[in-house]
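Enquirer: Under the working numbering, think of the first position of the sequence shown as 842, with each following residue one higher.
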Amino acid sequence: MNPKNPEIGEQIAQRIASLPSDDLLKQAQTPAQIEEWYNARKIQLLLAECWRAKWLIKNYYPIEEVLYL
Numbered sequence: 842m843n844p845k846n847p848e849i850g851e852q853i854a855q856r857i858a859s860l861p862s863d864d865l866l867k868q869a870q871t872p873a874q875i876e877e878w879y880n881a882r883k884i885q886l887l888l889a890e891c892w893r894a895k896w897l898i899k900n901y902y903p904i905e906e907v908l909y910l
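(1) Between which two residues does the alpha helix (DSSP H) containing Tyr879 stretch?
(2) Return the first residue and the last residue of the alpha helix (DSSP H) that Ala858 is part of.
(3) List the whole-angstrom C-beta distance separating Pro861 from Ala881, where the pair is believed to meet the contact cut-off of C-beta under 8 Å.
(4) Does Lys899 come out as helix, strand or coil in the three-state DSSP assignment?
(5) Any chance the region 884-894 sits against the region 851-859, with 3 or more Cβ pairs inside 8 Å?
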C-alpha cells in the first residue's frame with residue numbers, strides 16, 4: 842500500500858470493520874444467528890484495528906495489547 846495516502850488505508854479499515862453487513866443481521870432469524878453475527882463483527886473490528894496498526898500507526902500492535910490485559 843502507498844504510505845503517502847492514509848485516507849485510502851482508513852477507508853479499507855472502515856470497510857473491514859463494517860463486515861458482516863448490517864443487512865445480514867436483518868436476515869438473522871434465530872438468537873444463535875444474531876449472536877454469530879455479533880461475534881463475527883467483533884472479529885472484523887479487531888482486524889480493522891490490526892490494519893490500522895500495520896499501515897497507519899507505526900509501532901502499535903493491538904494484538905499484544907489484548908494478550909496482556
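The C-beta atom is built at its ideal place from N, Cα and C for all residues, glycine as well.
Expert: Per the coordinate set shown:
(1) 872-896
(2) 847-858
(3) 5 Å
(4) coil
(5) yes
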